[in-house]
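Enquirer: My questions all concern the structure below.
Protein chains: 2
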Amino acid sequence: MSNIKVELAKTLKAKPTDESKLGFGEIFTDHMFLMDYTEGKGWHDARIVPYGPIPMDPSAMCLHYGQTVFEGMKAYRTPDNRILMFRPEENFKRLNQSNDRLQIPAVDEKLLLEGLEKLVEIEKDWVPHTDGASLYIRPFIIATEPKLGVKPSANYLYIVVLSPSGAYYKSGLNPVKIYIETQYTRAVKGGTGAAKTGGNYASSLKAQEIAHEQGYSQVLWTDGVEHKYIEEVGAMNVFFVLGDEIVTPELVGSILPGITRKSSIELLRSWGYKVSERRLAVAELVEAYQAGKVKEAFGTGTAAVISPIGELKVGDLVMTFNDNKIGEISQKLYDNLTGIQYGKLPDTHNWMDEVCKG
Amino acid sequence: MSNIKVELAKTLKAKPTDESKLGFGEIFTDHMFLMDYTEGKGWHDARIVPYGPIPMDPSAMCLHYGQTVFEGMKAYRTPDNRILMFRPEENFKRLNQSNDRLQIPAVDEKLLLEGLEKLVEIEKDWVPHTDGASLYIRPFIIATEPKLGVKPSANYLYIVVLSPSGAYYKSGLNPVKIYIETQYTRAVKGGTGAAKTGGNYASSLKAQEIAHEQGYSQVLWTDGVEHKYIEEVGAMNVFFVLGDEIVTPELVGSILPGITRKSSIELLRSWGYKVSERRLAVAELVEAYQAGKVKEAFGTGTAAVISPIGELKVGDLVMTFNDNKIGEISQKLYDNLTGIQYGKLPDTHNWMDEVCKG
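Protein sequence lines, in the order shown, are assigned to chains A and B.
Going by full-length UniProt numbering, the first sequence opens with residue 1, and the numbers climb by one from there.
Going by full-length UniProt numbering, the second sequence opens with residue 1, and the numbers climb by one from there.
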């Protein structure tokens with residue numbers, strides 16, 4: 001075991017009384033995990049401390065040059081009161097992939113997992129008891145060197161905060177309305193699209209707002225080169241059921257390699273479905289739709305797990321999938337993923353990490 | 001005059017004793033300017049306070065989703081001891097353009113200029129006395145709402161910090177070695193390339209490091225779509241003298257609209273040169289080079305003003321411009337721009353803003 005210092009909060013906050021009213025990422029627990037990086041010394045001083053403001057130099061690089069990465073995952077409470085996390089080692093592996101793209105020094109993934117388990121155990125009473133609610137986990141790294149030259153920072157801070165959260169989409173599994181974005185670009189080959197870094201999200205805000213104003217909940221991003229190929233939807237990966245083939249865009253470097261995406265592919269294949277990770281042109285989708293072949297469409301992501309797409313607008317054409325109802329495969333994936341996550345179904349793929357008794 | 005509160009520092013820091021050793025953006029003055037934005041209330045509480053750490057909630061959106069913008073400009077001391085700023089209204093105009101792309105509420109440009117003048121006047125003793133050195137000015141805005149949903153923040157902080165700085169490039173006006181980047185992408189049409197936001201700079205770090213390892217000081221970015229057209233160099237705009245035409249890439253949405261770029265075009269045209277803002281393919285540049293037509297190449301930016309390019313590598317071809325020496329036009333532009341900025345030449349274009357006596 002590593003040397004993780006723990007300073008417990010002297011007073012604890014009141015926990016939410018009505019878990020059905022929980023939002024997403026709005027309230028935070030009593031403690032957080034911190035670890036420093038200093039050039040020449042490496043990562044050091046792993047510690048759990050009371051949640052609170054961090055003194056930030058106004059010239060800290062993260063405020064100027066976007067040298068930040070993050071992860072998102074969840075802890076769940078099972079009916080027999082155990083606290084589980086879903087594939088956390090995958091998140092830490094991806095964090096280091098993001099670090100590599102952003103020139104941030106790699107972190108010891110085992111230490112991160114150990115530190116996270118320790119933090120979640122301390123905060124176990126914050127893990128919601130309500131179905132669909134969970135403890136959202138946000139590990140992130142920020143560049144802290146107070147310098148205005150454009151170069152990788154000499155100092156970093158790794159932080160984990162925890163937030164008890166309800167379902168990401170308030171309408172639950174109701175199918176969402178999406179449109180295909182062809183003006184704004186989220187990411188392009190050679191850019192940072194495959195990394196979980198702030199710039200990708202900052203870049204998406206404007207298209208998102210325009211979508212909201214027009215009554216759509218998200219946009220479906222197309223490739224930044226020709227705006228012809230489907231990439232991902234809002235902050236999720238996307239799947240289409242085309243006849244007997246389930247298609248999701250291949251990871252070409254501008255698409256986030258989602259862990260729910262990966263898990264969905266593994267589950268679908270284990271059930272005998274044909275899943276193709278390949279280029280999918282908007283034109284091919286429209287053609288398949290007009291031939292009556294598009295049976296379902298859905299997004300996958302940590303926050304929503306599975307988000308069925310009921311309506312997809314491209315130019316003047318509004319495509320409706322499965323009569324605007326949840327499709328059979330979407331429902332089956334959702335039931336199985338959440339069943340495994342909440343410990344209600346057997347963990348057939350060895351995905352769950354038991355943190356402690358609840 | 002607006003109501004800007006001033007709280008002066010009780011003790012002042014020691015000023016740099018040897019201005020020839022000043023770096024870039026490494027030391028900061030005694031005070032900073034702050035202003036808050038609260039949804040429903042707008043921008044409020046403009047104030048000048050002692051420079052120091054800001055208490056930052058670890059869930060503040062700027063640390064997660066990159067919703068940040070910034071500007072960069074300089075204050076200069078003239079031989080007759082006046083403090084001048086170079087076209088600050090252009091910077092605040094661009095700040096609001098960046099705000100628009102990043103979904104940050106617009107700021108009153110007149111108030112920003114008034115606040116900056118007040119801050120620079122308080123800090124006037126920090127404006128270096130040495131030729132080539134100046135007081136670097138960094139206005140920036142960060143999203144501060146402590147929430148993890150991906151959406152525009154409800155709260156922001158506008159900050160200005162000041163840093164006495166030497167010449168950006170230690171080698172001064174010595175021509176730099178650059179190579180043409182065709183693997184990594186800085187920005188693409190529909191993205192945030194025309195905005196001054198952290199994500200563009202985060203995205204550039206990796207290519208920059210690879211360039212440094214290979215002995216190059218910067219990369220020349222090509223378009224994110226085909227990697228065929230020239231966009232900008234490192235953190236500067238770029239110009240090529242092709243025969244009797246001076247070419248700089250047109251502002252297609254993925255290129256930062258530089259104020260030194262704009263001023264250079266205005267000066268060059270006022271001198272009777274033909275300046276074209278147009279698409280410039282790498283292939284055209286190589287062809288012109290092989291025909292002996294590329295007379296000079298240089299970058300323009302606030303930090304370096306003019307940075308001559310001596311060597312440009314594309315694939316296996318190394319192009320050398322003007323025998324690796326500063327070209328006539330580069331030198332003339334540098335002399336005139338810095339002459340106007342330091343108040344040594346007549347301000348023929350009405351660019352300079354006199355803040356106070358030094």
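We put the CB at the ideal spot given by N, CA and C, even for glycine.
#1: Can you list, in chain order, the residues of the stretch 55-86 of chain B whose Cβ is nearer than 7 angstroms to any Cβ on chain A?
#2: Should Val318(B) be labelled buried (16 or more other beta-carbon atoms within 10 Å of its own) or exposed?
#3: Does Ile142(A) get closer than 9 angstroms to chain B when you measure Cβ to Cβ?
#4: Mind the definition here: the stretch 26-39 of chain B touches the stretch 34-50 of chain A only if three or more C-beta pairs lie below 8 angstroms; say whether that holds.
#5: Go through its chain and collect everything with a Cβ distance to Ser98(A)'s Cβ below 7 angstroms, but skip five positions before and after it.
#6: Given this structure, state the Cα-to-Cα distance separating Asn155(B) from Cys62(B), to the nearest angstrom.
#7: How is Trp221(A) classed by DSSP in three states: helix, strand or coil?
#8: In this structure, how does DSSP classify His212(A) when only helix, strand and coil are distinguished?
#9: At a Cβ threshold of 9 angstroms, is Lys189(B) touching chain A?
#10: May I ask you to report which of helix, strand or coil DSSP gives Gly339(B)?
#11: Step through the CB atoms of chain B and report whether any lies within less than 9 angstroms of the CB of Ser20(A).
#12: Short check: CB of Gln218(A) to CB of Ile246(A), under 9 angstroms?
#13: If distances are taken between C-alpha atoms only, which option among Val241(A), Ala288(A), Ala235(A), Asn200(A) comes closest to Ala303(A)?
#14: What are the boundary residues of the alpha helix (DSSP H) that includes Asn155(B)?
#15: Could you check what DSSP says for Glu354(A) in three-state terms: helix, strand or coil?
#16: How would you call Lys147(A), buried or exposed, if buried means at least 16 neighbouring beta carbons within 10 angstroms?
#17: What are the residues in the stretch 142-159 of chain B lying within 8 angstroms of chain A by C-beta distance?
#18: Looking only at its own chain, which residues have a Cβ that is under 8 angstroms from the Cβ of Trp126(B), when we skip the five neighbours before and after it?
#19: When burial is assigned at 16 or more other CB atoms within 10 Å of the CB, is Pro55(A) buried or exposed?
#20: Where do the ends of the alpha helix (DSSP H) carrying Ser263(A) lie?
#21: If I'm right that Gly193(A) touches Ile255(A) with Cβ under 8 angstroms, what's the distance once you round it to whole angstroms?
#22: Is DSSP giving Lys295(A) helix, strand or coil here?
#23: Return the residues of the stretch 221-241 of chain A that lie within a Cβ-Cβ distance of less than 9 angstroms from chain B, sorted by chain order.
#24: Against chain A, which members of the stretch 189-207 of chain B pass a CB distance test of less than 8 angstroms?
#25: Within 8 angstroms, do at least three Cβ pairs link the stretch 262-280 of chain A to the stretch 323-338 of chain A?
#26: Give the residues of chain A in contact with Gly25(B), contact being defined as C-beta atoms less than 8 angstroms apart.
#27: For the stretch 296-320 of chain A, enumerate the residues whose C-beta is nearer than 7 angstroms to any C-beta of chain B, in chain order.
#28: Over the uninterrupted beta strand (DSSP E) stretch that includes His44(A), give me the two end residues.
#29: Can you grab the Cα-Cα spacing for the pair Glu7(A) / Arg47(A), in whole Å?
#30: Under 9 angstroms between C-beta atoms, does Ser163(B) make it to chain A?
#31: I want to verify the contact list: residues of chain B whose CB lies under 8 angstroms from the CB of Pro53(A), in sequence order.
#32: Quick check on Ile4(A): does DSSP put it in helix, strand or coil?
#33: Using three-state DSSP, classify Val120(A) as helix, strand or coil.
#34: In chain A, which residues lie with their C-beta within 8 angstroms of the C-beta of Tyr289(B)?
#35: Which residues does DSSP list as the beta-bridge partners of Met85(A)?
#36: Consider the Cβ of Tyr184(A): report whether some Cβ of chain B lies at a distance smaller than 9 angstroms.
Expert: On the basis of the supplied data:
#1: Pro55, Met56, Asp57, Pro58, Ser59, Cys62, Leu63, His64, Tyr65, Gly66, Gln67, Thr68, Phe70
#2: exposed
#3: yes
#4: Short answer: they don't touch.
#5: Val69, Ala195, Lys196, Thr197
#6: 10 angstroms
#7: Trp221(A) sits in a strand when the DSSP states are folded into three classes.
#8: helix
#9: yes
#10: In the structure shown, the three-state DSSP call for Gly339(B) is helix.
#11: no
#12: no
#13: Ala235(A)
#14: Premise fails: Asn155(B) lies in the beta strand (DSSP E), 155-165, not in any alpha helix (DSSP H).
#15: strand
#16: buried
#17: Ile142, Pro146, Lys147, Leu148, Gly149, Val150, Lys151, Pro152, Ile159
#18: Lys15, Thr29, Asp30, Leu135, Leu162, Pro164
#19: Counting Cβ neighbours within 10 Å, Pro55(A) comes out exposed, since fewer than 16 surround it.
#20: According to the DSSP assignment, Ser263(A) belongs to the alpha helix (DSSP H) that extends over 259-270.
#21: Yes, they are in contact, since the Cβ atoms of Gly193(A) and Ile255(A) sit about 6 angstroms apart, within 8 angstroms.
#22: strand
#23: For the stretch 221-241 of chain A, the set of positions with a beta-carbon nearer than 9 angstroms to some beta-carbon of chain B reads Gly224, Val225, Glu226, His227, Gly234, Ala235 in chain order.
#24: Lys189, Gly190, Gly191, Thr192, Thr197, Gly198, Gly199, Asn200, Tyr201, Ala202, Ser203, Ser204, Leu205, Lys206
#25: yes
#26: Ser59, Lys147, Leu148, Gly149
#27: none
#28: 42-50
#29: Between Glu7(A) and Arg47(A), the C-alpha separation is close to 8 angstroms.
#30: Answer yes: the Cβ-Cβ gap between Ser163(B) and chain A drops below 9 angstroms somewhere.
#31: Pro55, Met56, Asp57, Pro58
#32: coil
#33: helix
#34: Ordered by position in chain A, no residue passes the 8 angstroms Cβ test against Tyr289(B), which lies about 25 angstroms from the chain.
#35: Answer is Ala75(A), Asp353(A).
#36: Chain B, which has a Cβ nearer than 9 angstroms to the Cβ of Tyr184(A), makes this yes.
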